[in-house]
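Remarks on the structure that follows.
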Amino acid sequence: LGLLAGQRQRWEEAARELRTADALLPGHARVRRNLDAVERYLERTRPR
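Here it is, written out as structure tokens:
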């Protein structure tokens, strides 16, 4: 769930996969935690 995409440095793809998983599995702590982490990473690394 986003893990492999993240390992390949494809963070936007990882975020998309995790958002889909979060919609399918609402309240799933691991999915939400990973999604939050990927979104924080993207926020920090996006060009301004």
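In the working numbering, the protein residues as written are 3 to 50.
Beta carbons: idealized from backbone N, C-alpha and C, even for Gly.
Everything numeric in this text was worked out from a predicted model, so none of it was measured.
Helix, strand or coil at residue i according to DSSP, with G and I counted as helix
i: LEU44; result: helix
i: ARG50; result: coil
i: ARG12; result: coil
i: LEU26; result: helix
Contacts around residue i, its chain only, beta-carbon distance under 8 Å, and the 5 residues preceding and following it disregarded
i: TYR43; result: TRP13
i: ARG34; result: ASP24
Residue i burial status per 10 Å Cβ neighbour count (16 or more: buried)
i: ALA25; result: exposed
i: LEU37; result: buried
i: GLU45; result: exposed
i: LEU27; result: exposed
Proximity below 9 Å, CB of residue i to CB of residue j
i: VAL40; j: ALA17; result: yes
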